[in-house]
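**Student:**
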Amino acid sequence: MAVTVKIPTQLRATTGGLADLSAEGSTVGEVLEAVFSEHGDLRDRITEEGELRRFVNVYVGGEDIRFGEGLGTAVSDGTEVTILPAVAGG
Amino acid sequence: MKGNDRMAVKNLKCKECSTEYELGANFFCAECFGPLEVRYDYSGLNPEETRRRIQAGSRGIWRYADFLPFDGKAGDPLEPGMTPLIKADRLSDRLGTGAEIYIKNDAANPTHSFKDRVVAVAIAKAKELGFETVACASTGNLANAVAAHAAAAGLDSYVFVPSNLEEQKLLATDIYGTNLVGVNGNYDDVNRLCTQLADEKPWAFVNVNLRPYYAEGSKTLAYETVEQLGWSLPDRVVAPIASGSLFTKISRGFQEWKEIGLVDGEHPVFHGAQAEGCSPVATAFAEGSRVCRPQKPDTIAKSLAIGDPADGPYAVVQANETGGSIDAVNDDRIREGIRLLAETTGIFTETAGGVTVGVLKKLAERGELNDGEKVVVYITGEGLKTLDANRDSFALTEIEPTPDSFESKFGQEVVA
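Read top to bottom, the protein sequences are chains H and B. Counted the way the numbering used here counts, the first sequence spans residues 107 to 196. Counted the way the numbering used here counts, the second sequence spans residues 3 to 418.
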């Protein structure tokens, strides 16, 4: 299943300048693995020991995946997965 | 001494991995996503000279220019700060404590909340960086402040708020001629949207891409407290926690002045206050964890309703390191706190202040306030902005316009 992964500007140096990546997978974790296999430098920026870094937020269709199943949150064809910094607001 | 010798601002540094960045519109680390913080080099500051310069400075926050993130002279037409610090003996009595309680009434700012401090700094920085449009994600008080300060500075503004916000806060934002955007969602949805837009628009989002500078404004609350206590530190502070930025920056302010030698003494004990209906930081503290699991807010304290607090982990560490705590109170306790403060000090605060006073009361009940110690309670906003919280709470006794009617209702004897 193809989903779109949206990458913030600060990380686009690791994606050859791409803002939107297309990847396959049935969960957020699988999709991110697919993205990392193409863009290896992204892995350490977003994850640490297989988990999302503390200040990385990931949204599926606008909902924070921590309200779902985390990296196990299911994604379907055409879903948008957005990676954003958590340090905004307040 | 040349003016430039005093300018201490240095760069931005990641709080997590220490990667350094130039001073620009940047807020998170590209290496690890950690928050960026403004760094200074205070080695050139002489304490006596600095103190004299502060005392000879302007009336509000710009007297602390040495500790704010600007290369040159900064200011704004609506200078906030130097709000009253009031000794609240009647509140101490009602709480049955021998502690000296002081209320820092930050509702006495231009738009009636502490947000004037952070916004004044952020907008001055936005101008310095050449932005023409400013924006924010807000629970209301920030909306008021951004709209007002943008109007005063002659900048365009976009203010994003949850669409279900209190009418008073919507009205007191739109009046300044901003673009008021009501987002169908909670604050965390608004915040996510603004984080996405900040990546695309050439705008200064005060609490997104300018957040490192914005947050610095809260340090001025600590500086003023020290000055108003005769250049001494309080023993204990009680402050509300939404994102955790205010809570951690007040501490940073005390720390900086201790390091420079502007004030001596023990670092104050920090007590944080949250509403039970949105208490990710209090929950993490209670569980002995640094991880603040996000919550869906459901509380009358909308100005504290941040379910995914950016500085939550740092707030927990700070409460622990100072021997303090982070508590939560329910909506009834919040209303009770608002009334208690009003009845004993003459200050009508908004729901966030009710949360803070509610937690102060809890601390008193638990016997955590010691006789003779100075406790500073930070009241961050104005009661007239959250009238819904106290709607129908008042008693109005109707009478006819005659003395008899008055006496019949109030049962007093007419003195001949």
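Beta carbons: idealized from backbone N, C-alpha and C, even for Gly. Small disclaimer: the values here were computed from a predicted structure and weren't measured.
Which bits of chain B does A129/H rub up against, with CB to CB less than 7 Å?
**Tutor:** By 1-based counting over the first sequence, the position of residue 129/H is 23. Those do not exist, as A129/H stays about 19 Å from chain B at its closest Cβ, beyond 7 Å.
**Student:** If you drop the 5 nearest sequence neighbours on each side, which residues of the same chain put their C-beta closer than 8 Å to that of A10/B?
**Tutor:** Here residue 10/B refers to the residue found at position 8 of the second sequence. Contacts found: Y42, D43, Y44, G46, L47, D68 and F69.
**Student:** Based on DSSP bridge pairs, tell me the residues matched to F162/B.
**Tutor:** Taking the first residue of the second sequence as position 1, residue 162/B is located at position 160. Paired residue(s): A139/B and V183/B.
**Student:** Just the Cα atoms here: how many angstroms apart are C196/B and V210/B?
**Tutor:** Numbered from 1 along the second sequence, position 194 holds the residue referred to as residue 196/B. Numbered from 1 along the second sequence, position 208 holds the residue referred to as residue 210/B. So the two alpha carbons sit approximately 7 Å from each other.
**Student:** Please determine, among A217/B, N166/B, T21/B and N181/B, the residue with the shortest C-alpha to C-alpha distance to A150/B.
**Tutor:** Taking the second sequence and counting its residues from 1, the one referred to as residue 150/B is at position 148. When each option's Cα is compared against that of A150/B, the closest is N181/B.
**Student:** Name the residue from I340/B, D237/B and G274/B whose alpha carbon lies nearest to the alpha carbon of E268/B.
**Tutor:** For the purposes of this step, residue 268/B is taken as residue 266 along the second sequence, with counting starting at 1. It is D237/B.
**Student:** What does S128/H pair with, by DSSP beta-bridge criteria?
**Tutor:** The residue labelled residue 128/H in the question sits at position 22 within the first sequence. Note: S128/H sits in a beta bridge opposite T110/H.
**Student:** Compare the C-beta of P296/B against all C-beta atoms of chain H and say whether one is closer than 7 Å.
**Tutor:** For the purposes of this step, residue 296/B is taken as the residue at position 294 of the second sequence. P296/B counts as touching chain H.
**Student:** For my contact list, V120/B and G219/B are in at a C-beta cut-off of 8 Å; report their separation, rounded to the angstrom.
**Tutor:** Mapped onto the second sequence, residue 120/B falls at position 118. Mapped onto the second sequence, residue 219/B falls at position 217. With a Cβ gap of about 4 Å, V120/B and G219/B count as contacting.
**Student:** Please state whether DSSP places E218/B in a helix, a strand or coil.
**Tutor:** Translated into positions along the second sequence, residue 218/B becomes position 216. Three-state DSSP puts E218/B in a helix.
**Student:** Looking at the structure shown, is E278/B part of a helix, part of a strand, or coil, going by DSSP?
**Tutor:** Reading the second sequence from its first residue, position 276 is the one you call residue 278/B. It is coil, neither helix nor strand.
**Student:** When you compare each of E226/B, T99/B, E258/B and Y160/B to G59/B by their alpha carbons, which one comes out closest?
**Tutor:** Here residue 59/B refers to the residue found at position 57 of the second sequence. The shortest Cα separation from G59/B among E226/B, T99/B, E258/B and Y160/B belongs to E226/B.
**Student:** Determine the DSSP secondary structure at H269/B, reduced to helix, strand or coil.
**Tutor:** By one-based count along the second sequence, residue 269/B stands at place 267. Coil.
**Student:** On the three-state DSSP scale, how would you describe R41/B?
**Tutor:** In the second sequence, the residue the question calls residue 41/B occupies position 39. Note: R41/B maps to strand in three-state DSSP.
**Student:** Measure the C-alpha to C-alpha separation of W233/B and A119/H and round it to an integer number of angstroms.
**Tutor:** As a working note, residue 233/B is residue 231 in the second sequence. As a working note, residue 119/H is residue 13 in the first sequence. So the alpha carbons of these two residues sit roughly 49 Å apart.
**Student:** Since G156/H meets chain B, which of its residues come closer than 8 Å, beta carbon to beta carbon?
**Tutor:** On the first sequence, position 50 is the one that residue 156/H refers to. None at all; the shortest Cβ gap to chain B is about 15 Å.
**Student:** Within 10 angstroms of its Cβ, does V293/B collect 16 or more other Cβ (buried), or is it exposed?
**Tutor:** Here residue 293/B refers to the residue found at position 291 of the second sequence. Its Cβ having fewer than 16 others within 10 Å, V293/B is exposed.
**Student:** Are at least three pairs of beta-carbons, each pair with one atom in the stretch 72-90 of chain B and one in the stretch 134-141 of chain B, less than 8 Å apart?
**Tutor:** No, because fewer than three Cβ pairs between the stretch 72-90 of chain B and the stretch 134-141 of chain B fall closer than 8 Å, the two stretches do not touch.
**Student:** Rounded to the nearest angstrom, how far is the Cβ of V379/B from that of Y215/B, given a contact under 8 Å?
**Tutor:** Within the second sequence, numbered from 1, the residue matching residue 379/B stands at position 377. Within the second sequence, numbered from 1, the residue matching residue 215/B stands at position 213. Their Cβ separation, rounded to whole angstroms, is 27 Å, which puts V379/B and Y215/B out of contact at 8 Å.
**Student:** If contact is defined by three or more beta carbon pairs under 8 Å, each pair taking one atom from either stretch, is the stretch 158-165 of chain B in contact with the stretch 174-188 of chain B?
**Tutor:** With the cut-off at 8 Å, the stretch 174-188 of chain B and the stretch 158-165 of chain B touch.
**Student:** Give the residues of chain B in contact with T179/H, contact being defined as C-beta atoms less than 8 Å apart.
**Tutor:** Taking the first sequence and counting its residues from 1, the one referred to as residue 179/H is at position 73. Ordered by position in chain B, no residue passes the 8 Å Cβ test against T179/H, which lies about 14 Å from the chain.
**Student:** Going by beta carbon distance, what residues of the same chain come within less than 6 Å of A140/H, once the five residues before and after it are set aside?
**Tutor:** As a working note, residue 140/H is residue 34 in the first sequence. Around A140/H: A129, E130 and G131.
**Student:** Going by DSSP in three states, F69/B sits in which element: helix, strand or coil?
**Tutor:** Position 67 of the second sequence, counted from the first residue, corresponds to residue 69/B. Looking at F69/B - three-state DSSP - the assignment turns out to be helix.
**Student:** When the cut-off is 7 Å and only beta carbons count, does N181/B lie next to chain H?
**Tutor:** Against the second sequence, residue 181/B aligns to sequence position 179. It does not: the Cβ of N181/B has no partner Cβ on chain H nearer than 7 Å.
**Student:** Residues of chain B with CB under 8 Å from T115/H, in chain order?
**Tutor:** Counting from 1 along the first sequence, the entry for residue 115/H is found at position 9. Simply D201.
**Student:** Could you check where the beta strand (DSSP E) with Y178/B kicks off and where it finishes?
**Tutor:** Here residue 178/B corresponds to residue number 176 of the second sequence, with the count starting at 1. Run containing Y178/B: none; DSSP gives neither H nor E here.
**Student:** Please state whether DSSP places G438/B in a helix, a strand or coil.
**Tutor:** What the structure shows of chain B is the stretch from 3 to 418, and residue 438/B is not part of that stretch, so it cannot be assessed.
**Student:** How about D313/B and T250/B: do their beta carbons lie closer than 7 Å?
**Tutor:** Position 311 of the second sequence holds residue 313/B. Position 248 of the second sequence holds residue 250/B. Their beta carbons are under 7 Å apart, which means D313/B touches T250/B by this criterion.
**Student:** Checking contacts by CB at 7 Å: is S20/B closer than that to chain H?
**Tutor:** Counting from 1 along the second sequence, the entry for residue 20/B is found at position 18. So no, S20/B is outside the interface.
**Student:** For E186/H, report the span of its alpha helix (DSSP H) as first-last.
**Tutor:** Taking the first residue of the first sequence as position 1, residue 186/H is located at position 80. Per DSSP, E186/H belongs to no alpha helix (DSSP H); it is in the beta strand (DSSP E), E186 to P191.
**Student:** Give the range of the alpha helix (DSSP H) segment to which N392/B is assigned.
**Tutor:** In the second sequence, residue 392/B corresponds to position 390, counting from 1. Element bounds for N392/B: L389 to N392.
**Student:** Would a C-beta distance cut-off of 7 Å place Q276/B and A284/B closer than the cut-off?
**Tutor:** Position 274 of the second sequence, counted from the first residue, corresponds to residue 276/B. Position 282 of the second sequence, counted from the first residue, corresponds to residue 284/B. Yes, the pair counts as a contact, with Cβ atoms nearer than the cut-off.
**Student:** Pull up the distance between the alpha-carbon of R189/H and that of I113/H, whole angstroms please.
**Tutor:** Mapped onto the first sequence, residue 189/H falls at position 83. Mapped onto the first sequence, residue 113/H falls at position 7. Residue 189/H is actually Ile in this sequence, not Arg. Computed Cα separation, rounded: 6 Å.
**Student:** According to DSSP, is A124/B part of a helix, a strand, or is it coil?
**Tutor:** Counted from its first residue, the second sequence places residue 124/B at position 122. Three-state DSSP puts A124/B in a helix.
**Student:** Classify K17/B as helix, strand or coil using the three-state DSSP reduction.
**Tutor:** The residue you call residue 17/B lines up with position 15 of the second sequence. Reduced to three states, the DSSP call for K17/B is coil.
**Student:** Near N28/B, what residues of its chain come up, given a Cβ to Cβ distance below 8 Å and the 5 sequence neighbours on each side ignored?
**Tutor:** Taking the first residue of the second sequence as 1, we reach residue 28/B at position 26. Contacts found: L14, L38, N211 and P214.
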